Structure formats: C-alpha cells, structure tokens
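First up is the structure itself, then whatever we jot down about it.
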Amino acid sequence: MLETDHAIYVGSFDPMTLGHEDVIRRGARIFRRLSVGIGINPDKEPLFSPEQRLDLMQSVVGDLENVTIHCFTGLAVDFVKDQNAAVMLRGVRTLSDIETEFTMTLANSTLAPDIETVFLMANEKYSHISSSLIKQIAKMGRETAANKLEQFVPRQVIAPLLAKYS
C-alpha cells in the first residue's frame, strides 16, 4: 500500500528557484514526508549536472528533517511508486501552468490511478519566476546580476549560477 502521508515533488530544478524552495517548505509542513525528485532527461542539456542540482538543493532545504532529495530517470509516476508514495505534489504559477498540469495529471492518472496529484498555488512573490528568466538575468545582468538574482533564487544558487556564465 502506498503512503498517503508521503508526497513527491518532481522537477528539473535547473536551477532551483525561490518558488521551488517555497513549494518544498510548504509541502514539508503539509506532509509527514516529502521526497524531491530531480528528473534527469537524457534528451536535454541542463545547465547543472544532476549531482550539482542535488547538492544545491541540499544546501537550501537540508534543514528540513522530513525532506529527502533524489535524482531519477524515467517517468515521474514510476519514481513516485518507487518511493512508496501516493501523492504527487505540483506547484502552479500561472494559468498556462494549470493547462499544462491538467494534461499531465490526466496522463499520470491513466498511468498510475493510485497516485493523487495535489497542487499548491505559487506564492504571488514567485509566480513570475521561471528558469529561463533566471538564466537570462545571469547571462546578461553582468556586474549587477548577483543583486538581481537574490529576488529569484536562493543565495546558495547565485555564485554557481553566475560561474556558469563567466
């Protein structure tokens, strides 16, 4: 039997944002256990390696005793089952996110009807943040990028992110 008090939050987290951190911290208050799954897509060229993303996430949310972080390949629903969880946690920022998430949830419920999806609306402070926005600021912000990035990513992510573009 899958654990209903154990949720899984999956994503690429490339890079981790303040929005991701917010969903993780809120999810950790709601569920007894929260596992974060860093998805590895062999068809994509990520900015950070899986190990770097895991280390960065650990440095940001390592203080949460009920949160574990893992890397995985394959389908998210398979990772959820491998972790013996019954809940997939998803963050939603915009109306376009809702449409995308709705489609994904329908597919996931077909693939794994025993897994429920729970949505957390993004905090309004973070609803505009995307990894492409963050990458653009890091790439084009030059000398003031660090100050600008503080509004979008955890402080532990800033230096490694800027190093990718120096």
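Here the sequence shown is numbered in the numbering used here, starting from 5 and rising by one per residue. Positions of the beta carbon are idealized from the N, C-alpha and C atoms, including for glycine. A quick note: this is a predicted structure, and the numbers were derived from the prediction, not measured.
| request: Classify D18 as helix, strand or coil using the three-state DSSP reduction. | output: Counted from its first residue, the sequence shown places residue 18 at position 14. Reduced to three states, the DSSP call for D18 is coil.
| Excluding five sequence neighbours on each side, which residues of the same chain lie with their C-beta closer than 6 Å to the C-beta of L51? | As a working mapping, residue 51 is identified with position 47 in the sequence shown. Taken in chain order, the residues that qualify are D18 and K168.
| query | Mapping DSSP to helix, strand and coil, what is T5? | reply | As a first step, residue 5 is located in the sequence shown; it is residue number 1 there, counting from the start. It is Met, not Thr, that sits at residue 5 in the sequence shown. Reduced to three states, the DSSP call for M5 is coil.
| field | Residue(s) in a DSSP beta bridge with L165 | value | Mapped onto the sequence shown, residue 165 falls at position 161. The partner list for L165 (beta bridge, DSSP) is empty, contrary to what the question assumes.
| said: Output needed for Q160: all residues of its chain with C-beta closer than 8 Å, excluding positions within five of it in sequence on either side, in chain order. | reply: As a position in the sequence shown, residue 160 is number 156, starting the count at 1. So the qualifying residues of the chain are L60, S63 and V64.
| said: If I follow the unbroken beta strand (DSSP E) through T98, where does it start and stop? | reply: Taking the first residue of the sequence shown as position 1, residue 98 is located at position 94. Note, T98: premise wrong, no beta strand (DSSP E); not H, not E.
| field | Cross-strand partners of R37 (DSSP beta bridge) | value | The residue given as residue 37 occupies position 33 in the sequence shown. According to DSSP, R37 bridges with H10.
| Nearest candidate by alpha-carbon position, reference L68, set E103, A32 and A111 | In the sequence shown, residue 68 corresponds to position 64, counting from 1. Nearest of E103, A32 and A111 to L68, Cα basis: A32.
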